[in-house]
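Numbering (the working numbering), first residue to last: 888 to 1346.
For every residue, glycine included, the Cβ atom is placed at its ideal position computed from N, Cα and C.
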């Protein structure tokens, strides 16, 4: 191993991969080598259990060779792996849940095609605990120092029914209801959603138009999907569709567009579903889990509705930890990661889309009306500061201390009427600056100033 379809890959000795909030990610041209991924697969299998280790992947050109590396690493750990092929991330989680095995997904989610990564699931389809992640990191670091991947063979079975299992579970989540009468445009991001989304929506009776449904290994998330909704908006308006759905590359999240082409983000999706579930007595303990990035308008709406809000750090695994700890049924992120814990073990873009569409059909209301009734978004601006590589936990803590007086000064200028968050991304080499204020102009001015200040701090 050592070369890949995305160009010459670097050797194991020249990189040191680190976990972010959603596994390991990196540029396949400069960081993420097949040897490194093999060592990571071996470490993951040794910690999580190597018997029946399930491996899925997205549509990136680099994904087949990196998936093969994980299979090799699993074999080196003395295990036997299962190849699920190209599947959405939640389909791998479902397979792990159904078969009681651990697994991995080769994907960089919403990142560009030249990036890739590895996400792990513990036996039963759950995201990793901090302890498991730390153990895998320690073993990988040991292999990294010695260059010891020791690949001798794979011992891999190929099972392609993971997509069918996932499709059936999503369809069955409506308990016999359907989506007839609803016209939907689905932007599949040239990613893993291409394997299942159109079929599921059609089977449920929706009239479906799909766009960005022709993956070539290099066009995943390229001007499409949840990170670029422009063509989805245009198609929804031009076809007079009721709803647009924008998936990300591995289909574990979704954003929506109403009939007017207006964004309905993760906060609004969660608010709509939380209120609907409360009314149907399906919202466990009348509470919902969200992250620090969630718009203040969501919190105000939930308070008015008598729904408790549980806050976590940014990252869907933290949302899941809170859901499990309190036995709650609904939570998620503004980015469109939504977890229906009574229906799945992880975030699922297709399941989220179907649950959202089900509300519109049952209530006979447009998505625009439902979103407007559910919450009012306060003006919020998100600015990204690009950094050379993912910021470590130690660097993040230092940045927190350095930014504290900057945030205090900005809040004083806003007369304490707003909210500011500065945090490194756990999935991309970025520092995110989020500002909420009374007006969009105030939020933009403070976000720009803070982004400039952060850039100087990191110079």
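Element boundaries [alpha helix (DSSP H), containing residue i]
i            : result
residue 1260 : 1254-1261
residue 1270 : From DSSP, residue 1270 is part of no alpha helix (DSSP H) but of the beta strand (DSSP E) over 1267-1273.
residue 1180 : It is not in any alpha helix (DSSP H) - residue 1180 carries neither H nor E in the DSSP assignment.
residue 1126 : 1117-1126
residue 990  : Segment 990-993 is the beta strand (DSSP E) holding residue 990; no alpha helix (DSSP H) there.
residue 1344 : 1327-1345
residue 842  : Because the chain is modelled from 888 through 1346, residue 842 falls outside the range shown and cannot be assessed.
residue 1385 : As displayed, the chain neither begins before 888 nor continues past 1346, which places residue 1385 out of reach and without an answer.
residue 1245 : 1236-1250
residue 929  : 921-935
Backbone CA spacing between residue i and residue j [nearest angstrom]
i            : j            : result
residue 899  : residue 1029 : Note on residue 899: pLDDT 38, under 50, position unreliable in the model; the coordinate value appears next. So the two alpha carbons sit approximately 12 Å from each other.
residue 1108 : residue 1002 : 11 Å
residue 963  : residue 929  : 6 Å
residue 1342 : residue 982  : 43 Å
residue 1236 : residue 1073 : 11 Å
residue 1048 : residue 971  : 8 Å
residue 1058 : residue 1090 : 8 Å
residue 1086 : residue 954  : 26 Å
residue 924  : residue 1125 : 44 Å
residue 998  : residue 1136 : 8 Å
residue 1114 : residue 1318 : 17 Å
residue 996  : residue 1075 : 12 Å
residue 1308 : residue 1268 : 11 Å
residue 1181 : residue 1033 : 43 Å
residue 1133 : residue 958  : 31 Å
residue 1289 : residue 1127 : 49 Å
residue 901  : residue 1256 : At residue 901 the pLDDT is 39, less than 50, meaning the model places this residue with poor confidence and gives no usable figure here.
residue 927  : residue 1139 : 22 Å
residue 1088 : residue 1141 : 14 Å
residue 1330 : residue 1027 : 42 Å
residue 906  : residue 1252 : 43 Å
residue 911  : residue 1021 : 12 Å
residue 1239 : residue 1046 : 25 Å
residue 991  : residue 1105 : 22 Å
Close-in-space but distant-in-sequence residues of the same chain around residue i (CB under 7 Å, 5 per side omitted)
i            : result
residue 1102 : 946, 1077, 1078, 1081
residue 893  : Any reading at residue 893 is ruled out, since the residue's pLDDT is 34, under 50, leaving its predicted position unreliable.
residue 1050 : 974, 978, 1082, 1083
residue 1010 : 935, 936, 983, 987, 988, 989
residue 1270 : 1320, 1334, 1335, 1338
Burial state of residue i (16 or more Cβ within 10 Å)
i            : result
residue 1157 : buried
residue 1018 : exposed
residue 950  : buried
residue 1339 : exposed
residue 988  : buried
residue 1216 : buried
residue 1015 : buried
residue 1326 : exposed
residue 1190 : exposed
residue 1284 : exposed
residue 1368 : Look at the range of the chain in this structure, 888 to 1346, and you will see that residue 1368 is not part of it.
residue 1295 : exposed
residue 1168 : exposed
residue 1025 : exposed
residue 1249 : exposed
residue 1328 : exposed
Extent of the continuous beta strand (DSSP E) run through residue i
i            : result
residue 1108 : Segment: none, residue 1108 is in no beta strand (DSSP E) and carries neither H nor E.
residue 1199 : 1195-1199
residue 1096 : 1094-1098
residue 974  : Element bounds for residue 974: n/a, residue is neither H nor E.
residue 1309 : 1306-1311
residue 1323 : 1317-1323
residue 1217 : 1217-1219
residue 945  : Premise fails: residue 945 is in no beta strand (DSSP E) and is neither H nor E.
Own chain residues within Cβ distance below 8 Å of residue i, not counting five before or after
i            : result
residue 1194 : 1161, 1162, 1165, 1170, 1173, 1174, 1175
residue 1197 : 1174, 1175, 1176, 1177, 1209, 1213, 1215, 1218
residue 1344 : 1286, 1289, 1290
residue 1054 : 1083, 1086, 1087, 1090
Neighbourhood of residue i by C-beta distance below 6 Å, restricted to the same chain and skipping five residues each side
i            : result
residue 1023 : 930, 931, 934
residue 1185 : 1154, 1158, 1262
residue 1100 : 1075, 1081
residue 1264 : 1182, 1184
residue 985  : none
residue 1129 : 1069, 1070, 1146
Any contact between the region 1118-1133 and the region 1142-1155? By contact I mean 3 or more CB pairs, one from each, below 8 Å. yes
Decide yes or no for the touch test of the region 1085-1097 against the region 1064-1072: beta carbon pairs closer than 8 Å, at least 3 of them. yes
Between the region 1196-1208 and the region 1219-1238, do three or more beta carbon pairs fall short of 8 Å? yes
Inspect the CB distances between the region 1277-1288 and the region 1301-1317 and report whether three or more fall short of 8 Å. yes
Does the structure place the region 1315-1334 close enough to the region 1297-1304 that three or more beta carbon pairs sit under 8 Å? yes
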